[in-house]
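This report concerns only the one structure given below.
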Amino acid sequence: MSGEAKLPKEFLWGYATASYQIEGSASEGGRAPSIWDAFCKTPGKIRDGSSGDIASDSYRLWKEDVVLLTSYGVKAYRFSLSWSRIIPKGGRNDPINEEGIQFYRTLLEELLHNGIVPFVTLHHWDSPQGLHDKYGGWLNKDEIIEDYVNYAKVCFRAFGDIVQNWITHNEPWCVSLLGYGSGRFAPGHVGDTEHWIVAHNLLLAHAYAVKAYREEFKPAQGGQIGITLDCQWTIPYDDSPENVEATARALDFKLTRFADPIYRGQYPARVKTIIGDRLPEFSPEERAIVQGSSDFFGLNTYTTHVIQHDGDGDESVGFVKMGHTRSDGTQLGTQSEFDWLQTYGPGFRNLLNYLWKTYQKPIYVTENGFAVKNENNVTSQEAIHDKDRAEYFEQYTKALLQAVTEDGADVRGYFGWSLLDNFEWADGYLVRFGVTRVDYDTQRRTPKDSAAFLSKWFKDHIHG
Ligand code: GBH
C-alpha cells in the first residue's frame, strides 16, 4: 500500500456496543432493572415484544467477545457500563454491587491484556428504574445530578487506574427527545416540554461529572473525558432560501443545542427563539461548568439527511422534513432496513470537516454503521455476506481518510457499530447492525464479510 495516504500510527479503531443491547443476564449478578427493562415490559413498546433479558448474552460470553475483538485486530473497544449493575438502586446512598464492579474490572483487564484500549461509556440510556420510581429520574435536576456524579465517581474510583477514555452520555438527543418527547424510547413520555428539561439536566450531570473527574481523578489517573453526540450531516433539498435556512435549523435542533453549550457555553439563537421559555437557562455558575466540559468531540453518525422547510411539522426538530431524496428525484445512496438510514460517504466527510472547523476539538467517531435491508429475514449463511454493509464501510472509511489526510480534520478514532448483532431498542431483534452474526437460538457468533473488510482496511491504512 506504499504511496497511498494513511492514518497516523496512533489512530484507534474498533467496535462499539452498549450494556443493555448486549449483556443480557438482566437479573443476574445483583443487577436491578433499568428504565429499559421496565419499558420493554410495557406491551406495544418493542416491535417484536422482546427485551434485553438475554440479548447477545455478553455478560456470560464476554471472554469469547474479547477473543473476537482480538481476531479482528482492533486497537480499541467502546462499551458501556450498566449503572444498575454497579449501583442497583442507583442513588448516592444506595449500596454498591461488588459483583458488578468485578465483572467490568475483569473485562477491562482482559482487554488490556490483549492490547485493546477501552473507551467506557457511563450512560448509554439504561439509567436505574429505582431512580425513575423514586423521583422521576432525569426530570429531577438536583437529585439526578448528585446521583449521576456519585455513580461516575464510583466508576472512576473502581476503574480509572486502567481506563483512560471516558464518555459521560451516549446521545443526549435520543435520551431526551425519544424518551420524553416522542415516547418511542424509555421511559416513553410524550410531550413538548419535558424533553427540553431532560436535555438540560443531562448537560448539567455530564458537566458536573467531568468537573469531578478533572478535580479528583485526572491528576492521578491522567485520562480524558467527554460526551458523545449524535448527528447526521444535513444538506438542503434545493437552493431556495427557506430550505437553506431549514438546513441550518435542523443542525441547530439536533447538534448545536448540545454542542454549543458544551464547547461555547450557550444555546443556539434559533432554538431559543422557537422554544422560548420552555428552554431552561443556565445560571452563571452552571454555564461556567458546562462550557469547556468535553476534552474531545464524541460523534455518532450514520447517514445524511436532505432537509426541507416544514412549517406545520415537528417543532422538536425545528420544523423540518428529513429525507434522502434530492429535488431531482434521486436517492443519496443504498437504502438500509431503517427509513432514516441510507449510505452517503461524502456527507460524513463534510460533517467531520464542519465539526473540526467549528469546535476545534479532536474527534472520535464513537459509532458508525449500517443495517442491511432484510438481513433478519435470511439465513445466517446469507446474512454473513453483508455486501451493503461492507460497501457502506468502504465509503465511510474513504471519507474518513480524506477528511484526515486531505482536509486536515483531527480525527483520532473510529468505532464501527456494532461488534455484534444485538437488541436494537424499540425494534427488538428485528434489525441487525453487527459485523458479527449472532444466532439468537445458540448465541453462536459468526464474522460477516464487513468485519473482514474493516480489519483489512485499517491494517492497510494506519501507519505501521
Ligand atoms: C445509535 O443511535 C445508538 O447509540 C445505538 O445504541 C443504536 O443501536 C444505533 O444507533 C443503531 O440504531 O425513528 O424518529 O425515532 C443512532 C441515532 C437515533 C438514529 C434515533 C435513528 C431514530 C429516529 N439514532 N433515530 S426515530
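Counted from 1, the sequence shown has number 338 at position 338 by the UniProt record's numbering; the numbering is strictly sequential. By construction, the Cβ of each residue, glycine as well, lies at the ideal position given by its N, Cα and C atoms. Just so you know, these numbers come straight off a predicted model, no measurement behind them.
Residue i: buried (16+ other C-beta within 10 angstroms of its C-beta) or exposed?
i: G130; result: buried
i: S71; result: exposed
i: W340; result: exposed
i: L255; result: buried
i: N374; result: exposed
i: D260; result: buried
i: G191; result: exposed
i: E285; result: exposed
i: A269; result: exposed
i: I145; result: buried
i: E281; result: exposed
i: H463; result: exposed
i: H461; result: buried
i: K41; result: exposed
i: A5; result: exposed
i: G361; result: Note on identity: in this sequence residue 361 is Lys, with Gly being the wrong assignment. Buried, since its Cβ has 16 or more Cβ neighbours within 10 Å.
When the distance is taken between beta carbons, is residue j closer than 8 Å to residue i?
i: G29; j: F423; result: no
i: D386; j: K448; result: yes
i: S58; j: P128; result: no
i: Y434; j: L419; result: It is worth fixing the name first, because residue 434 is Gly in this sequence and not Tyr. Yes. Within cutoff.
i: G91; j: D133; result: no
i: G347; j: T304; result: yes
i: Q395; j: G323; result: no
i: G188; j: F39; result: yes
i: W457; j: T397; result: yes
i: H195; j: S34; result: no
i: Y302; j: N376; result: no
i: H123; j: T193; result: no
i: N165; j: V117; result: yes
i: D238; j: S327; result: yes
i: F103; j: A76; result: no
i: V67; j: L108; result: no
i: G313; j: I274; result: no
i: A212; j: T234; result: no
Comparing C-alpha positions only, which one of the options sits nearest to residue i?
i: L203; options: W173, F79, N150 and G416; result: W173
i: T436; options: D65, T42, Y208 and V190; result: D65
i: A18; options: I87, G416 and H461; result: G416
i: P241; options: E216, Q221, L177 and I307; result: I307
i: S25; options: I54, S34, T42 and D48; result: I54
i: Y288; options: Q402, I275 and G265; result: Per the sequence shown, residue 288 should be read as Ala rather than Tyr. Looking at the Cα atoms, G265 is the closest of the given residues.
i: A199; options: E143, V190, T273 and V175; result: V175
i: A207; options: V163, K218, G292 and D277; result: G292
i: I22; options: A452, K89 and R445; result: R445
i: W62; options: L111, A32 and G44; result: L111
i: E99; options: T121, R31, L69 and G49; result: R31
i: S450; options: Y392, I274 and G464; result: Y392
i: F262; options: V210, R249 and T273; result: Note that residue 262 corresponds to Ile in the displayed sequence, not to Phe. Closest option to I262, Cα to Cα, is V210.
i: L139; options: L177, E382 and S283; result: L177
i: V290; options: W13, A158 and N201; result: N201
i: V365; options: T330, A212, L401 and E382; result: L401
i: L12; options: T442, R60, G115 and G408; result: G115
Residues in its own chain within less than 7 Å of residue i by CB, not counting five upstream and five downstream?
i: V404; result: L7 and V411
i: W36; result: Y20, G52, W125, D126 and A186
i: D295; result: Q224, I225 and G226
i: Q335; result: Q342 and K373
i: V271; result: D252, F253, R257 and L279
i: W425; result: F185
i: K45; result: F39, G188 and A426
Give the C-beta separation of residue i and residue j to the nearest angstrom, bearing in mind that I take them to be a contact with Cβ-Cβ under 8 Å.
i: Y135; j: V74; result: Incorrect: roughly 40 Å between the Cβ atoms, too far for contact.
i: I86; j: C155; result: 7 Å
i: G160; j: Q221; result: 4 Å
i: D427; j: R47; result: 5 Å
i: N243; j: H309; result: 6 Å
i: L229; j: G179; result: 16 Å between Cβ atoms; not a contact.
i: Y429; j: Y440; result: 6 Å
i: S56; j: V438; result: 5 Å
i: T121; j: S80; result: 4 Å
i: G432; j: A399; result: What sits at residue 432 in the sequence shown is Arg, not Gly. 23 Å between Cβ atoms; not a contact.
In chain order, what residues of the same chain lie with their CB nearer than 8 Å to the CB of residue i, ignoring the 5 residues before and after it?
i: K459; result: G73
i: S2; result: Confidence at S2 is low in this model, with a pLDDT of 49, below 50, so its placement is unreliable and no value can be given for it.
Quick one: what's got a C-beta closer than 6 Å to residue i's C-beta in the same chain, skipping five residues either side?
i: I384; result: R437, T446 and K448
i: A152; result: L122 and A209
For residue i and chain D, any beta-carbon pair shorter than 8 Å?
i: A451; result: Among the chains of the structure shown, chain D does not appear; only one protein chain is present.
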